[in-house]
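Residue numbers (our numbering), protein chains in the order written: chain A, 1 to 249; chain B, 250 to 498. As structure tokens, the structure follows; a few thoughts come after it.
The following block contains the structure:
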């Protein structure tokens, strides 16, 4: 049986999803929970890596296993062996050939900014704070310029293997900015992401929000293919994987 | 100068606002911060006590002090001496006779329920989880029966001094229930509250949501003036002081 599992996690304490030489990964915790429940450690395929400190509202992974319990009982069983900041939300059977990474046609990330002089005691681990009032309408106008199929190498951290291989064309199907009171949220949906791409895109939009760039500067930044023309890489803690989109019934 | 300060805090670690013989109170932390910034420890008046573990989005307090800095600078100065889970949001001068408790004509509390089989890794400290699907429409119909001026002794924890003095009539000006996806939120606005009143009111509404009580049972529960006829006291962690209403310009 091929099983698709949806996880939510607070990434603050973790080195990302993928197992790393140093630091605790969400994947390792999940495999420990599988070991405790199933007595086995099947290979798991994650939908993405996620950087250290990045959060997920609905991370997807799959693994093959001859399960002897109803799949619906898996979330509660696994949650008993996971820390509070990692929760299994759902588990369901999927076709044998399904792969959590390759079957994803798009993924949606959100970058959350607290646009306020003071942190929230409830959400300071999930939002990057910028005290000065941002022009969210200008940010939203700039965001529209990212939509489409482009070479996004200007938004890729130096030293990435995708950049080394010239594999830096991606398609952003949606990018928009909304304000909810003191929160400015950047939403991006794309078929794939380069290393740190959302955090650099968010840093570039913040420069628009601060009036240091105009929305019309975005096409030239992309065309320059030069990382130095884009904005800074914002901190991991404001980033959350919101949704992974599959064609599943 | 009489100064009105608005605080937000995550109450998880604290014994409530008021200084208590055992446990750390938010008031003590705030006075320590005043001591660090002003070199003095003026007497502070809080808008309410709040129980151990209860949160506040906008707790109000006031104190008299001959301030030698612009009052607008007080939040940032105090926040440097407060833990991350207690934040000063604002400070402003108010008339000399203003008292944060007696000047409040109403206060709004929210009780947040996660109506889902699995906790959220982001909000498990701020929501009480009930796995079984609640009938939020029935809860909202029941909530309307609490609105008005009533003797709320049936919703008062045993051993309260208000109950001992027969001072248990309060006016609820608004009480409603809304569902936001997996969240069911109970909002109550009243001119005053008895000990554990919102948590017992919420526990009673949950019994309606579970089909164990009907909305039409609420008037009889109030009229019985018997705590045993109301629902259980829900845990503190789901409760948050949302807003304190003053007639200030």
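Even for Gly, the Cβ is constructed at its ideal location relative to N, Cα and C.
Residue i - DSSP class collapsed to helix/strand/coil
i	result
residue 267(B)	coil
residue 23(A)	coil
residue 83(A)	coil
residue 326(B)	helix
residue 70(A)	coil
residue 122(A)	coil
residue 228(A)	helix
residue 378(B)	strand
residue 355(B)	strand
residue 192(A)	coil
residue 59(A)	strand
residue 141(A)	helix
residue 95(A)	coil
residue 220(A)	helix
residue 185(A)	strand
Residue i to residue j span [Cα, whole Å]
i	j	result
residue 125(A)	residue 236(A)	10 Å
residue 425(B)	residue 110(A)	31 Å
residue 402(B)	residue 251(B)	35 Å
residue 59(A)	residue 297(B)	41 Å
residue 286(B)	residue 320(B)	12 Å
residue 12(A)	residue 33(A)	20 Å
residue 251(A)	residue 380(B)	One cannot answer for residue 251(A) here, as it falls past the ends of chain A, which runs 1 to 249.
residue 164(A)	residue 107(A)	23 Å
residue 406(B)	residue 89(A)	36 Å
residue 116(A)	residue 216(A)	26 Å
residue 227(A)	residue 199(A)	13 Å
residue 385(B)	residue 288(B)	51 Å
residue 181(A)	residue 35(A)	44 Å
residue 178(A)	residue 186(A)	7 Å
residue 278(B)	residue 482(B)	28 Å
residue 9(A)	residue 316(B)	45 Å
CB contact check: residue i to chain B, cutoff 8 Å
i	result
residue 65(A)	no
residue 10(A)	yes
residue 122(A)	yes
residue 213(A)	no
residue 62(A)	no
residue 84(A)	yes
Residue-level contact to chain D via CB, residue i, 8 Å cutoff
i	result
residue 325(B)	Given the protein chain composition of this structure (A and B), no chain D is represented.
Cβ neighbour criterion (16 or more within 10 Å) applied to residue i
i	result
residue 197(A)	buried
residue 361(B)	buried
residue 487(B)	buried
residue 21(A)	exposed
residue 512(B)	Residue numbering for chain B in the displayed model covers 250 to 498; residue 512(B) lies beyond these limits and cannot be assessed.
residue 318(B)	exposed
residue 411(B)	buried
residue 248(A)	exposed
residue 133(A)	exposed
residue 243(A)	buried
residue 121(A)	buried
Beta carbon proximity, residue i to chain A, threshold 8 Å
i	result
residue 336(B)	yes
residue 364(B)	no
residue 495(B)	no
residue 375(B)	yes
residue 368(B)	yes
residue 328(B)	yes
Inset, instruction - Taking 8 Å as the threshold, find out whether the region 169-187 of chain A comes into contact with the region 142-159 of chain A through three or more Cβ pairs. - result: yes
Inset, instruction - Please confirm if the region 316-334 of chain B is in contact with the region 469-489 of chain B, defined as three or more CB-CB distances below 8 Å between the two stretches. - result: no
Inset, instruction - State whether the region 342-355 of chain B contacts the region 90-107 of chain A, with contact taken as three or more CB pairs (one from each stretch) at a distance under 8 Å. - result: no
Inset, instruction - Would you check if there are 3 or more beta carbon pairs closer than 8 Å linking the region 59-74 of chain A to the region 35-45 of chain A? - result: yes
Inset, instruction - Check whether the region 18-26 of chain A touches the region 192-212 of chain A, counting contact only when three or more Cβ pairs, one atom from each stretch, lie closer than 8 Å. - result: no
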